[in-house]
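For the sequence shown, the residue numbers in my numbering are 27 to 393. Heads up, the beta-carbon is just placed ideally off N, CA and C, and yes, glycines get one too. What follows is one structure encoded as structure tokens, with my remarks underneath.
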Amino acid sequence: MKKISWVTADYFLDCDIDLIPKLNEKYQIVWNIILPVTNNRFSQVQINKNNSLKSTVKIFWSEKFRRRDARNIAFYWKLLKQIKKQQPDLVYINMQGFPYLAFIVALLLKRRNTIFAVHQAKVHEGMQFQTITKLYFHFLYSWFNNFHLFSKSQADIFKSKYPDKSVTVIPLGLKDFGKSLLKKSDKEIVFFNFGTIIKNKNIGLLIQAACNVFEKGYNNFKVKIVGACSNWGQYQKLVIYPELFDLNIQAIDNNEISDLFSSSHYLILPYSAVSQSGPLKIAFNYNVPVIASDLEEFKNEIINGETGLLFKNNDVSSLENAIIKTIANHKETYKQLRLNQLADVKRRYSKEVILQSYDNMFRSTIK
């Protein structure tokens, strides 16, 4: 069996955790897991309790400093020296490591058998330190040869800038956080938004649209917003009708996620910019129809009017109309939307399809 040294940062663990056990049947995987000292999404205890990972060799690394701290240079050096000692046939890195990791990898690892997972082909408006990040991305994408991108829209942007690189597009798989016993309300329609709240998530647009719909006389719905936010005050000012909203503005434990999705009717993603969306794949897993802005990535994922609804990006009136249309037709269309989504997701995101794509990418790179 060929050996893969696989590196995953805490913030991307949900991308890899369901893939590793099956791929470990075909490859000898040494999984290097990077966990922050505080505010980790997964803990070492949780991962070790996962029965499907019992046969996987796992090495846990503790990231003690903020990403920009220069002391991370020594941390990355130690990590990559250990990976070299593992003598892998291939190294797969699902970690941003901004702003130092790419330079250390360039010094210590070979380009020909290193694959970087790329979640953003370019810097978008929700990212901090944009000038430095652009420079970091340019070095990373120019120096290395093999890249895994998670969406067609991002891959098209990437290939337009770096046409000579080897690019494999494998979408994010479905994100499963276990079963839930909760049922959806039959008294009111629950529109839901989930995830860390930053600028490009455009939550203000959702709040404004919901208040406007409420003012037009629709009162049989609720808007649930769940996720951590460092500047919630600017959004709280927009909440004119508190009784319309169910707000939980904090980080959510993984074991709460299945209940949140299972008790909601529709996920609303009013993003003004997106590379790919984790909440979208959770919604797909729990068969929750999605209402999203008509960004290219969402147009690739949602069949408008069949598996979900699209509205004009950053247009509050368009989002209002989508919400009103959904409320007005809920009884007639909701069941069919879910059936259509279920069939589409099965066709595109079955575990067999995703795993085969990873296998093909690894074999091609090793060859």
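Could you tell me the boundaries of the alpha helix (DSSP H) in which residue i lies?
i      : result
Val71  : Gln70 to Lys75
Trp32  : No alpha helix (DSSP H) contains Trp32, which is instead part of the beta strand (DSSP E) from Lys29 to Ala35.
Thr159 : Gln156 to Trp169
Phe129 : Leu127 to Leu134
Leu105 : Asn98 to Lys111
Gly304 : Gly304 to Asn311
Ser179 : Lys178 to Lys187
Glu241 : Ile229 to Glu241
Pro47  : Ile46 to Leu49
Lys372 : Val342 to Tyr375
Asp42  : Leu39 to Asp42
Per DSSP, what are the beta-bridge partners of residue i in this structure?
i      : result
Gly334 : Val316 and Asn330
Asn172 : Ile141 and Ser192
Glu89  : Pro62
Phe220 : Val252
Asn386 : Note: Asn386 sits in no beta bridge, so no partner.
Val83  : Val56
Ile215 : Phe247
Less than 6 Å between C-beta atoms, sequence neighbours within five positions excluded: which residues of the same chain meet that for residue i?
i      : result
Val371 : Phe310
Ala181 : Leu175, Val193 and Val195
Val144 : Phe173 and Leu175
Ile130 : Tyr102, Trp103 and Leu106
Ala35  : Ile60 and Met121
Ala277 : Ala254
Ala132 : Trp169
Asn340 : Ser298
Arg137 : Phe170 and Asn171
Arg67  : Asp36
Gln54  : Met27 and Lys29
Ser344 : Phe337 and Lys338
Out of the options, which has the shortest C-alpha to C-alpha gap to residue i?
i      : options                           : result
Val63  : Asp42, Ile43, Lys90 and Val216    : Lys90
Asn245 : Gln362, Val316 and Lys213         : Lys213
Ser303 : Ile73, Thr222, Lys160 and His164  : Thr222
Leu105 : Val342, Leu135 and Tyr261         : Leu135
Trp32  : Asn226, Asn228 and Ile85          : Ile85
Val249 : Ile224, Ile294 and Lys242         : Ile294
Asn257 : Glu241, Lys225 and Ser211         : Lys225
Phe218 : Phe287, Ser186, Glu269 and Pro268 : Phe287
Gly230 : Gln260, Lys201, Arg93 and Val239  : Gln260
Asp95  : Lys111, Pro125, Asn77 and Leu116  : Pro125
Leu368 : Pro268, Thr157, Gln146 and Tyr312 : Tyr312
Pro296 : Ala318, Ile283 and Ser290         : Ala318
Thr140 : Gln113, Gln156 and Glu282         : Gln113
Lys361 : Asn280, Phe68 and Tyr292          : Tyr292
Lys205 : Val71, Ser81, Tyr267 and Asp285   : Asp285
Lys110 : Asn65, Lys29 and Phe163           : Lys29
Leu208 : Gln54, Phe388, Lys185 and Ile283  : Ile283
Asn281 : Ile392, Leu49, Ser69 and Phe165   : Ser69
Lys325 : Ser301, Lys48 and Lys80           : Ser301
Glu322 : Ser177, Asn355 and Thr82          : Ser177
Asp320 : Ser88, Ser179, Lys210 and Gln72   : Ser179
Pro189 : Val216, Tyr167 and Asn330         : Tyr167
Considering only residues of the same chain and omitting the five flanking positions on each side of residue i, which have a CB-CB separation below 8 Å?
i      : result
Gly199 : Cys41, Asp44, Leu45, Lys307, Tyr375, Lys377 and Ile380
Phe271 : Ile233, Ala236, Lys248, Val249, Lys250, Ile251 and Val265
Leu363 : Pro315, Glu332, Thr333 and Gly334
Asn347 : Phe337
Val239 : Phe247, Glu346, Ile349, Ile350 and Ile353
Gln156 : Val149
Ile183 : Ala147 and Lys148
The beta strand (DSSP E) spanning residue i covers which residue range?
i      : result
Pro62  : Gln54 to Pro62
Tyr118 : Leu116 to Asn120
Let me see if you follow: with CB-CB separation under 7 Å, is residue i close to chain D or not?
i     : result
Arg92 : Looking at the structure shown, chain D is missing, and only one protein chain is on hand.
Please return the same chain residues whose Cβ sits closer than 7 Å to the Cβ of residue i, not counting the five positions on each side in sequence.
i      : result
Glu332 : Asn366
Leu127 : Tyr102 and Met121
Glu51  : none
Ser383 : Ile196
Glu327 : Leu306
Gly123 : Tyr102
Ile158 : Pro125
Thr391 : Leu116, Asn139, Ile141 and Asn172
Quick check: is any heavy atom of the ligand SAM less than 6 Å from the C-beta of residue i?
i      : result
Leu106 : No copy of the ligand SAM occurs in the structure displayed, which carries no ligand at all.
Unbroken alpha helix (DSSP H) runs of length 4 or more, entirely within the stretch 246-294: which are they?
259-262 and 283-288, all fully within the stretch 246-294.
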